[in-house]
Amino acid sequence: MTADTFDITFTLNGLRKSIAVRTDAMLAEVLRENLGLLGTKVSCNEGECGACTVLIDGRTANSCIVLALEVDGCAVTTIEGVAVGGVLHPIQESFIEEGAVHCGYCTPGMILSTKALLDHNPDPTTGEVRKALEGNLCRCTGYNRILKAVSRAAEKLRPTPGAGE
Amino acid sequence: MAQFRVAAPRTLDEAFSLLPIQDRDVKLVAGGTDVLIHIRAGKSAPKRLVLLSKISELDDDIRVTDTGIRIGALARLSDVVRHPVVLARFTALAEAAAQIGSEQIRNRGTVCGNVANASPAGDTLPPLYVFDAVVNLIGPNGRRAVPIAAFVQAPGRTDLAAGELIESIVCPFPPDGAGSGYIKLARRAGIDISTVGAAAMVCDADTVRLALGAVGPTPIRPLAAEPLLGAGLRDDEAFDRGITAAAEATTPISDIRASRDYRLAMVQVMAREAIRLSQQRSTSKDRVQA
Amino acid sequence: MNIVGKNVLRADAAQKVTGTHEFAIDGKVPGMLWARIVRAPLGHARIVTADTAAARAVPGVVSVLTAADLPTPMPLYGSVIADQPLLAVGKCRYYGEPVAVVLADSDEAASLGVARTRIDYEELPAVVTVADALAADAPLVHDATTAPGSNVHKQYEYAWGDVEAAEPACHTIVENTYTFPMIHHFALEPFSVIAWPEAGGVQIKSPVQHPFLLRRVVAECLKLELSKVRVMATSIGGGFGSKGYAKYEPLAAYLAMRTGRPVKISTSLDDAFVTARRLSATVHMKTGFDRDGRILLQKVDADYLMGAYADAAPRITQKASYVSCGPYRIPNLKTVARAIYSNTTPSTAARGFGMPPLNFALETQMQMAAKSLGIDPVEIRLRNLVKRGEQLVPGDIPADGEWSEGLRRCADMIGWNDPLPPGTGRGISIGIKNPIPGSVSNALVKLHADNSLTVAVGTSEMGQGACTVLAQIASEELGIPMDRITMIMGDTAAVPFDVATAGSRSTVTMGNAVQSACKDVVRQLEEMAKELGLIAPGEKLQINGGMMSDRQNSLSFNDIFTRYFSKTQGEVVGRGLYKGEVVAGHPLGGLSDFWEVIFIAVKAKVDPATGKVSILKMINVSDIGKAINPLHCKSQEEGGAMMGLGHALMEQMIYDQKGRLRNGSPLDYRIPTTMDVPWEMDSSLVENQDGAGPFGAKGIGESGAITAGAAIAAAVSDATGVFFKDLPITSERVWAALSAEKV
Numbered sequence: 001m002t003a004d005t006f007d008i009t010f011t012l013n014g015l016r017k018s019i020a021v022r023t024d025a026m027l028a029e030v031l032r033e034n035l036g037l038l039g040t041k042v043s044c045n046e047g048e049c050g051a052c053t054v055l056i057d058g059r060t061a062n063s064c065i066v067l068a069l070e071v072d073g074c075a076v077t078t079i080e081g082v083a084v085g086g087v088l089h090p091i092q093e094s095f096i097e098e099g100a101v102h103c104g105y106c107t108p109g110m111i112l113s114t115k116a117l118l119d120h121n122p123d124p125t126t127g128e129v130r131k132a133l134e135g136n137l138c139r140c141t142g143y144n145r146i147l148k149a150v151s152r153a154a155e156k157l158r159p160t161p162g163a164g165e
Numbered sequence: 001m002a003q004f005r006v007a008a009p010r011t012l013d014e015a016f017s018l019l020p021i022q023d024r025d026v027k028l029v030a031g032g033t034d035v036l037i038h039i040r041a042g043k044s045a046p047k048r049l050v051l052l053s054k055i056s057e058l059d060d061d062i063r064v065t066d067t068g069i070r071i072g073a074l075a076r077l078s079d080v081v082r083h084p085v086v087l088a089r090f091t092a093l094a095e096a097a098a099q100i101g102s103e104q105i106r107n108r109g110t111v112c113g114n115v116a117n118a119s120p121a122g123d124t125l126p127p128l129y130v131f132d133a134v135v136n137l138i139g140p141n142g143r144r145a146v147p148i149a150a151f152v153q154a155p156g157r158t159d160l161a162a163g164e165l166i167e168s169i170v171c172p173f174p175p176d177g178a179g180s181g182y183i184k185l186a187r188r189a190g191i192d193i194s195t196v197g198a199a200a201m202v203c204d205a206d207t208v209r210l211a212l213g214a215v216g217p218t219p220i221r222p223l224a225a226e227p228l229l230g231a232g233l234r235d236d237e238a239f240d241r242g243i244t245a246a247a248e249a250t251t252p253i254s255d256i257r258a259s260r261d262y263r264l265a266m267v268q269v270m271a272r273e274a275i276r277l278s279q280q281r282s283t284s285k286d287r288v289q290a
Numbered sequence: 001m002n003i004v005g006k007n008v009l010r011a012d013a014a015q016k017v018t019g020t021h022e023f024a025i026d027g028k029v030p031g032m033l034w035a036r037i038v039r040a041p042l043g044h045a046r047i048v049t050a051d052t053a054a055a056r057a058v059p060g061v062v063s064v065l066t067a068a069d070l071p072t073p074m075p076l077y078g079s080v081i082a083d084q085p086l087l088a089v090g091k092c093r094y095y096g097e098p099v100a101v102v103l104a105d106s107d108e109a110a111s112l113g114v115a116r117t118r119i120d121y122e123e124l125p126a127v128v129t130v131a132d133a134l135a136a137d138a139p140l141v142h143d144a145t146t147a148p149g150s151n152v153h154k155q156y157e158y159a160w161g162d163v164e165a166a167e168p169a170c171h172t173i174v175e176n177t178y179t180f181p182m183i184h185h186f187a188l189e190p191f192s193v194i195a196w197p198e199a200g201g202v203q204i205k206s207p208v209q210h211p212f213l214l215r216r217v218v219a220e221c222l223k224l225e226l227s228k229v230r231v232m233a234t235s236i237g238g239g240f241g242s243k244g245y246a247k248y249e250p251l252a253a254y255l256a257m258r259t260g261r262p263v264k265i266s267t268s269l270d271d272a273f274v275t276a277r278r279l280s281a282t283v284h285m286k287t288g289f290d291r292d293g294r295i296l297l298q299k300v301d302a303d304y305l306m307g308a309y310a311d312a313a314p315r316i317t318q319k320a321s322y323v324s325c326g327p328y329r330i331p332n333l334k335t336v337a338r339a340i341y342s343n344t345t346p347s348t349a350a351r352g353f354g355m356p357p358l359n360f361a362l363e364t365q366m367q368m369a370a371k372s373l374g375i376d377p378v379e380i381r382l383r384n385l386v387k388r389g390e391q392l393v394p395g396d397i398p399a400d401g402e403w404s405e406g407l408r409r410c411a412d413m414i415g416w417n418d419p420l421p422p423g424t425g426r427g428i429s430i431g432i433k434n435p436i437p438g439s440v441s442n443a444l445v446k447l448h449a450d451n452s453l454t455v456a457v458g459t460s461e462m463g464q465g466a467c468t469v470l471a472q473i474a475s476e477e478l479g480i481p482m483d484r485i486t487m488i489m490g491d492t493a494a495v496p497f498d499v500a501t502a503g504s505r506s507t508v509t510m511g512n513a514v515q516s517a518c519k520d521v522v523r524q525l526e527e528m529a530k531e532l533g534l535i536a537p538g539e540k541l542q543i544n545g546g547m548m549s550d551r552q553n554s555l556s557f558n559d560i561f562t563r564y565f566s567k568t569q570g571e572v573v574g575r576g577l578y579k580g581e582v583v584a585g586h587p588l589g590g591l592s593d594f595w596e597v598i599f600i601a602v603k604a605k606v607d608p609a610t611g612k613v614s615i616l617k618m619i620n621v622s623d624i625g626k627a628i629n630p631l632h633c634k635s636q637e638e639g640g641a642m643m644g645l646g647h648a649l650m651e652q653m654i655y656d657q658k659g660r661l662r663n664g665s666p667l668d669y670r671i672p673t674t675m676d677v678p679w680e681m682d683s684s685l686v687e688n689q690d691g692a693g694p695f696g697a698k699g700i701g702e703s704g705a706i707t708a709g710a711a712i713a714a715a716v717s718d719a720t721g722v723f724f725k726d727l728p729i730t731s732e733r734v735w736a737a738l739s740a741e742k743v
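Chains as they are written, first to last, in the numbering used here: chain P, 1 to 165; chain D, 1 to 290; chain X, 1 to 743.
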């Protein structure tokens with residue numbers, strides 16, 4: 001059990017993956033180096049900045065401080081899994097439309113934190129939006145447009161009243 | 001070439017066999033939000049991590065019992081934050097857990113891990129002190145229950161003996177009608193380590209419990225001051241003396257977050273605020289009942 | 001206009017929201033070596049011995065190099081003066097200085113090699129503050145400087161009028177000393193560079209703001225011809241000045257040439273704290289006012305604390321102190337600014353280029369004078385603001401805007417005269433800055449046979465939106481839709497020279513170059529049309545939306561193109577040059593292209609018990625001339641203002657007496673989060689088409705960071721009655737000041 005590698009099976013962006021990971025490898029490293037998913041950005045590497053945010057079973061996590069072997073049996077969503085079939089997710093559209101994307105380094109993590117928020121709480125208050133994103137640092141935008149983008153995304157995602165199934 | 005090795009035992013017995021001695025080179029990992037951050041930041045370099053997450057006998061439940069709540073070893077901070085009974089009856093604990101790290105951290109980090117970590121600034125500790133929490137330990141020689149204040153001994157040091165781990169934490173229900181709250185001062189509004197934290201519980205217009213964080217080597221429950229503070233709910237002068245007595249029980253240091261002087265002054269402000277908030281809640285009629 | 005002035009969506013945004021945008025840190029080259037750096041653990045120390053055996057024994061480690069393994073004399077680099085060694089020689093001069101480098105086949109092996117490298121040091125006394133550096137018996141950071149025997153690298157002086165003679169006429173004199181802390185840029189993307197040897201030279205891929213400047217610095221350091229160094233600036237994940245000047249590129253280039261293999265140097269965000277910082281400063285300011293609040297004199301002594309190596313710091317000191325008058329009419333002025341070495345992280349350009357300490361000081365002086373003279377803070381500024389066309393700094397361009405308009409709008413937007421609840425306060429301030437004087441930008445615009453366009457510029461995309469804005473300018477000019485324009489940016493082998501992506505200059509200077517390259521394309525098309533006999537010689541032509549018309553004919557550019565060349569070949573290559581006004585003997589080398597001016601107003605609440613400051617509302621108004629893309633202008637300014645908010649309330653690098661950085665990590669160094677955003681935030685643009693750029697544009701982007709701190713400080717003062725002269729205004733500082741008041 002203390003071998004250098006560990007076999008894990010997990011769902012990555014909807015697809016089953018089996019892979020051998022170093023036991024000391026962090027999820028961010030496995031996503032980026034072993035699986036080539038470079039959309040997960042690494043910045044502080046100490047769980048402070050949120051650039052490497054992914055969803056594990058629908059909840060946000062800093063993938064730089066999650067051991068890869070811990071996601072054995074879990075469902076992981078990275079930024080690569082947000083736009084389906086090349087069509088941008090409404091959250092992604094909203095970030096673009098509100099001018100919430102500048103250098104883009106924090107953007108994947110921001111979008112995943114937003115997704116987790118709106119998946120669980122479709123109509124968040126401003127305070128709830130701020131609280132949900134407090135672990136995603138951005139030094140470019142000043143956050144104002146990001147907060148607007150989240151509101152816009154929430155609006156887009158809300159079912160239109162009367163629109164039938 | 002691994003920096004450290006990781007063991008993921010499936011049973012407690014297997015875990016005990018991997019923890020023969022209390023060893024700085026071995027770290028237990030529940031959510032990993034503290035241990036792994038410290039490794040990544042170069043502040044510790046354990047040789048082996050033992051994961052608790054796959055141990056079948058451990059759970060992540062927050063269970064309501066006849067006498068209180070039981071928080072399982074793997075119960076995550078974000079679940080505590082949202083738990084209706086915790087919110088209603090142990091409000092200070094929910095508030096404290098909500099102010100640890102970010103959503104990402106709270107989704108991984110556990111209450112038991114926060115306790116085991118024994119940081120003087122650990123936010124869940126002051127509420128657990130006011131709720132007279134008991135830490136249930138399990139080891140190769142059986143179980144034992146230790147009151148929280150005896151469990152936490154010094155920065156990073158606990159009563160955890162060789163081979164032991166935390167199985168759960170139990171908080172007895174506070175008296176009916178009690179209110180509680182946690183107040184924290186930090187350098188910014190978003191995620192931050194506490195400069196000073198205060199948890200309080202108030203009931204019956206004459207009982208106050210108070211615990212103060214980040215103002216000593218462990219959280220401080222100023223027991224001698226509590227009767228004065230209780231009397232102080234109806235007597236401003238007694239209250240002031242109680243607050244002064246509470247502050248006198250603390251031994252803050254100066255560090256990059258704040259000076260000792262500021263902490264000494266702020267501990268009084270935070271204590272007042274926490275008690276005031278708890279008192280408001282204790283008399284609130286529309287409180288959610290468990 | 002069709003495209004200019006519209007909120008065109010960012011050209012690179014779709015890639016960024018899907019995580020497919022490439023950053024240098026994501027890059028790999030076959031056969032690449034990974035380099036990790038061994039750093040000094042003290043601020044100032046003699047390097048006694050280095051034991052690299054254990055590191056070399058790590059499987060995968062290829063070599064471990066210290067200064068002893070590098071050429072003697074050690075190659076030095078630097079943009080102003082070359083004083084920074086590739087690796088520390090003999091002694092380290094700052095905490096975190098590269099002392100050795102480990103090269104390995106994998107990043108993990110390189111990191112383990114770093115952990116296993118043992119270097120012994122003998123501690124030396126460290127210089128970490130201005131006072132330390134100027135003490136009579138101060139240890140010297142460098143043995144030889146321009147001022148031998150002193151840590152003062154250079155002194156700059158500006159004076160006009162007669163300060164002493166003006167003093168008797170003053171009704172009120174405000175005199176104070178202000179301190180501005182060391183601040184880190186905190187770009188999210190860590191420093192990262194890949195270099196590989198190529199045809200006797202070297203190629204470098206790095207997120208660098210100034211690729212051509214980097215090319216020069218690397219060429220000088222490694223004694224190569226400019227043409228042997230190719231710099232490919234990758235998209236920058238946040239720069240704010242930190243990625244302007246050479247950092248790890250000279251070392252990476254050296255290692256690539258030495259090993260004959262590609263070398264990647266990766267660092268962490270923690271490493272960034274020991275790589276670059278903003279200049280800290282102590283500013284002594286004396287300002288004299290007449291009874292009506294008009295400034296009669298100002299005397300400034302600004303001591304800027306550089307780090308252990310010059311980087312851009314001397315230029316920053318020189319350039320910022322040049323505008324120590326702010327936006328105000330000051331008839332008598334004397335400014336002395338010194339750039340001083342210390343044993344701290346090298347200080348480099350940072351959003352505002354040295355202006356924030358001076359602006360905080362001057363705007364606080366204005367605040368104090370207003371209070372002391374009983375004049376409204378908006379009114380006292382109106383009385384001193386220079387008017388359009390009026391001289392600001394003698395010998396430079398005059399005021400190029402109606403600055404009072406912006407100030408009034410800003411005051412209106414915050415509700416300047418609305419009643420304030422107790423415990424709250426309001427503040428307003430004005431930021432000003434000049435871009436890079438006398439600078440050069442070239443652009444190439446290529447029109448292709450299918451009516452698409454390539455625009456090649458040396459500008460780097462760093463999140464500011466240059467790739468969108470420059471394309472908008474070309475689109476407007478040639479009537480070619482945005483989605484048919486491809487930007488080629490920052491590759492010194494593919495694009496023409498540009499001096500820098502800095503100083504809020506690109507929209508104006510590169511924008512002008514792009515515009516003029518587009519006009520060159522049109523001129524060539526016109527000649528082609530005439531040569532083909534499609535338009536009559538001497539006809540007056542209408543150019544509009546990709547069409548060229550005389551009285552009879554209307555031809556699309558593509559008609560002309562395909563008839564002249566064919567549908568399968570040819571290209572019309574337009575060249576554009578912008579060159580700022582160079583003035584011989586001018587202290588900065590030339591004139592400002594424009595003045596970057598912003599107005600910020602803040603409403604703040606102060607908790608008297610804890611000293612905690614909450615920002616309730618923040619307003620940014622920018623004097624922008626013409627917004628090419630209003631949405632991005634506003635969001636850019638808000639980003640700057642939030643950075644300024646961080647500087648004002650929470651940010652500071654803290655050193656101990658041994659010169660060790662105590663909070664060089666995102667765990668301990670706080671920047672604003674979403675929770676720290678003002679509860680209301682709004683922005684507005686003053687557009688009078690009076691800028692030097694295309695369509696009357698001026699540059700923006702830095703100014704929010706320049707003056708947000710001063711506006712916040714003013715609001716806190718308004719709420720508490722106490723003036724703050726030291727940033728950051730932490731809760732503890734407010735509490736301490738209020739406690740002192742009570743005594």
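For every residue, glycine included, the Cβ atom is placed at its ideal position computed from N, Cα and C. Remember, predicted model here, so these are calculated numbers, not experimental data.
Per DSSP, the continuous beta strand (DSSP E) segment holding X:Y121 begins and ends at R118 to E123. Excluding its 5 nearest sequence neighbours in each direction, P:E128 has C-beta neighbours in its own chain below 8 Å: L117 and N121, listed in chain order. Taking D:L19 as the centre and dropping the five residues before and after it, the same chain places the C-beta of G163 closer than 6 Å to its C-beta, in chain order. Nearest CB-CB separation between D:G230 and chain X: not below the 7 Å threshold. Within the stretch 227 to 305 of chain X, complete beta strand (DSSP E) segments of at least 3 residues are found at 229 to 233, 263 to 266, 280 to 289 and 295 to 305, given in chain order. Between the alpha carbons of D:A178 and D:L58 lies a gap of roughly 31 Å. Scanning its chain for C-beta atoms nearer than 6 Å, with the 5 sequence neighbours on each side dropped, one finds around X:V499 the residues S439 and V440, in chain order.
Distance between X:Y94 and X:H44, taken at the CA atoms: about 6 Å. For P:S43, the closest Cβ of chain X is nearer than 7 Å. Boundaries of the beta strand (DSSP E) around D:G139: V134 to G139. By the rule that beta-carbons nearer than 7 Å mark a contact, D:R234 does not touch chain P. The beta carbons of P:L137 and X:L188 sit about 7 Å from each other, so the pair counts as a contact at 8 Å. For P:G109 and P:E70, the gap between their C-alpha atoms comes out near 20 Å. Residues are counted here when their Cβ sits less than 7 Å from a Cβ of chain X; for the stretch 241 to 264 of chain D these are I256, A258, S259 and Y262, given in chain order. Closer than 7 Å to the CB of P:V101 there is at least one CB belonging to chain X. Checking the DSSP bridge columns, you'll see X:T179 partnered with X:T282 and X:D726.
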